[in-house]
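J.: Questions regarding the structure given below will be posed in turn.
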Amino acid sequence: MSKTLAPLVLVLIAGLSTHALAQTSTNPYLQNVPPSTPATMPNLLAPLMPALMPGMPKGTGAITSVPPWTMSVAPTPEQKKQFMKSMLPHLSNMGLNMRDIMNFMTTKYQAKPGLSFDDVVTSIGLRANQLNLKLVGHSPMIKDIQAVLGDMSTPRMEVFHYCDIEAGREIMKLVPESIVYLPCRIAVMEDAQKNVRGLTLDWDTAWLDGINSASMGVSPEMAKLAKKIRDNMDNVMRAGANGDL
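Going by my numbering, the first residue of the sequence shown is number 13, and it counts up by one from there.
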């Protein structure tokens with residue numbers, strides 16, 4: 013399991029389990045989720061952490077109780093392996109596979125009929141400027157696929173890297189390790205039917221509303237910043253899908 017996917021799996025387990033009963037009837041990915049109650053979920057990881065990571069300091073609740081820019085002790089590769097192996101049975105019980113997980117952690121919008129790939133890219137760039145999201149990188153992956161692999165059949169895809177400097181700094185103050193998720197990325201991609209979509213990692217923290225977010229180590233400040241990033245990224249992608257200028 014990739015380093016990027018592993019923490020997302022943990023978030024997915026907590027989020028799905030917390031809201032399983034409420035969403036089972038509407039979300040096809042939750043049909044096999046066993047019933048659970050929010051009260052039991054904050055303790056899901058607690059029994060595992062001391063045994064798997066004996067050198068890790070136990071959480072004290074709010075992230076703000078830790079001095080800014082303080083990194084956590086890094087677990088060893090073996091500790092990570094054992095920790096993730098202990099989580100995987102929960103995914104199996106939910107009937108999820110890796111395709112489901114990646115889809116669940118993604119926000120995506122299909123472009124309106126008649127909009128071209130370049131139309132979507134243009135609208136995304138314009139809206140990002142309006143929201144003071146700075147374009148800090150561009151990865152035209154399709155060009156490398158064609159040039160290096162000689163594959164001309166792969167659908168077009170490009171990735172744009174955006175940064176909210178203030179929000180990024182504040183989040184890294186609270187959790188320096190969050191730098192591995194920054195800057196934020198919006199992918200524009202064609203599918204097999206040549207439909208164009210905008211996609212990004214879903215920063216939605218609404219699943220924390222049903223539990224004590226402090227027990228998960230999420231301060232109100234961090235939740236507010238994550239919501240700001242999520243709302244802005246969502247705004248940008250909706251603009252792209254609608255062709256707004």
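C-beta atoms are modelled at their ideal positions from N, C-alpha and C, and glycine is treated no differently.
How should I113 be labelled, buried or exposed, when 16 other C-beta atoms within 10 angstroms of its C-beta is the threshold for buried?
T.: buried
J.: Rounded to a whole number of angstroms, what is the C-alpha to C-alpha distance between M234 and P195?
T.: So the alpha carbons of these two residues sit roughly 16 Å apart.
J.: Residues in its own chain within less than 8 Å of R197 by CB, not counting five upstream and five downstream?
T.: If we look at R197 and ignore the five residues flanking it on each side, its Cβ neighbours are V171, F172, H173, Y174, T212 and L213.
J.: Which residue marks the beginning of the beta strand (DSSP E) containing K146, and which one marks its end?
T.: K146 to S151
J.: Could you check whether the stretch 121-135 touches the stretch 147-160, counting it as contact only if at least three pairs of C-beta atoms, one from each stretch, sit closer than 8 Å?
T.: no
J.: Any idea what DSSP makes of Q122, helix, strand or coil?
T.: strand
J.: Can you confirm whether the stretch 125-139 touches the stretch 97-111 when touching is taken to mean that 3 or more C-beta pairs between the two stretches lie within less than 8 Å?
T.: no
J.: For I241, which option in N144, K97, F95 and H150 has the closest C-alpha, if you only look at C-alpha atoms?
T.: Of the candidates N144, K97, F95 and H150, the one whose C-alpha sits nearest the C-alpha of I241 is N144.
J.: Report the CB separation of L237 from E182 in whole angstroms; it is logged as a contact under 8 Å.
T.: 5 Å
J.: Thinking C-beta only, is P167 closer than 8 Å to D203?
T.: yes
J.: Measuring straight from C-alpha to C-alpha, what distance separates K206 and V148?
T.: 27 Å
J.: For D256, which residues from the same chain have a beta carbon less than 6 Å from its beta carbon, with the 5 sequence-adjacent residues on both sides left out?
T.: S135
J.: Nearest-angstrom Cα distance between L100 and K93?
T.: 11 Å
J.: Which partner residues does R209 have in the DSSP bridge list?
T.: Q122 and M201
J.: What's the gap between the Cα of N247 and the Cα of W81?
T.: 30 Å
J.: Roughly how many whole angstroms lie between the Cα atoms of G210 and V85?
T.: 36 Å
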